[in-house]
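Reviewing the structure listed below.
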Amino acid sequence: MFLSSILLLPLLLSLSVLGETTAPGKWPPYQHQVQPDSVACRPFGECEPCPEAALHEPFCKPFGNRRLIHCLPYDSLPKSEDDAKKGPILGETPAWESCGRVIAVERADFWEFVMCNVIFAGISLFILFIRGQRLAMQQYRRLAARIGLGRGGAPESDGGWATS
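In mature numbering (1 follows the signal peptide of the UniProt record, and there is no 0), the protein residues as written are -19 to -1, 1 to 145.
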């Protein structure tokens, strides 16, 4: 019972903790969401760790991860989602944005943590088993000495009540 609950706990945690997904965003559907003099950006890929050379950039500072985005001036936005899917849009500028966590790295770290805990639990159970055996052997020796069993395994006859 205890062992099965230990094995099920990581599965439940992985479903609840790592259920986050990143899906590419859509262009803003309504005019009131974007000011006329600004740009509209959409994610174009998943979060990835920043390379060593880019760690000083502002988009890498919060978490050390970045995601590629494509930005367009408000005037150049496609009229519909179908126009955006037809091919590359002229005037689209690639840029980077900061993003929280890289799911693949977080998942690998989570399973590393789980495996370390399983190894520690296994070592602890092994030590507990060995310790229990030693304590039982020690108690058996005390009991054997108390009732008079010798090292040979046969009771010593001293003329007491056990020899009659």
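Glycine included, C-beta positions come from ideal geometry on N, C-alpha and C. Because the structure is a prediction, the values reported are computed rather than measured.
Next on the checklist: Given this structure, state the Cα-to-Cα distance separating residue 23 from residue 102, to the nearest angstrom.
Outcome noted: One-based indexing of the sequence shown puts residue 23 at position 42. One-based indexing of the sequence shown puts residue 102 at position 121. Their backbone Cα atoms lie some 46 Å apart in a straight line.
Item to check | Per-residue DSSP class, three states only, for residue 52 | outcome: Position 71 of the sequence shown holds residue 52. Residue 52 falls in the strand class under three-state DSSP.
Item to check | Range of the contiguous beta strand (DSSP E) that encloses residue 23 | outcome: Position 42 of the sequence shown, counted from the start, is the residue given in the question as residue 23. Segment 20 to 24, the beta strand (DSSP E) holding residue 23.
Item to check | Given residue 46 as reference, the closest of 127, 85 and 99 once Cα atoms are compared | outcome: Against the sequence shown, residue 46 aligns to sequence position 65. Answer by Cα proximity: 85.
Checklist entry - Using DSSP with H/G/I as helix, E/B as strand and the rest coil, what is residue 29? => result Looking up residue 29 in the sequence shown gives position 48. In this structure, residue 29 counts as strand in the three-state DSSP scheme.
Checklist entry - Taking one C-beta from the region 110 to 125 and one from the region 68 to 83 each time, how about it: are there three or more such pairs within less than 8 Å? => result no
Item to check | Distance between residue 96 and residue 49 (C-alpha atoms, nearest Å) | outcome: Your numbering for residue 49 matches position 68 in the sequence shown. Your numbering for residue 96 matches position 115 in the sequence shown. Their Cα atoms are separated by approximately 33 Å.
Item to check | Rounded Cβ spacing between residue 40 and residue 78 (contact assumed at less than 8 Å) | outcome: Within the sequence shown, numbered from 1, the residue matching residue 40 stands at position 59. Within the sequence shown, numbered from 1, the residue matching residue 78 stands at position 97. That pair is a contact at about 6 Å.
Checklist entry - What does a CB cutoff of less than 6 Å around residue 52 pick up in its chain, not counting 5 residues either side in sequence? => result For the purposes of this step, residue 52 is taken as residue 71 along the sequence shown, with counting starting at 1. Only 20, 22, 74 and 76 meet the Cβ criterion.
Next on the checklist: Measuring only the C-alpha atoms, how far is residue 89 from residue 111?
Outcome noted: On the sequence shown, position 108 is the one that residue 89 refers to. On the sequence shown, position 130 is the one that residue 111 refers to. One C-alpha to the other measures close to 33 Å.
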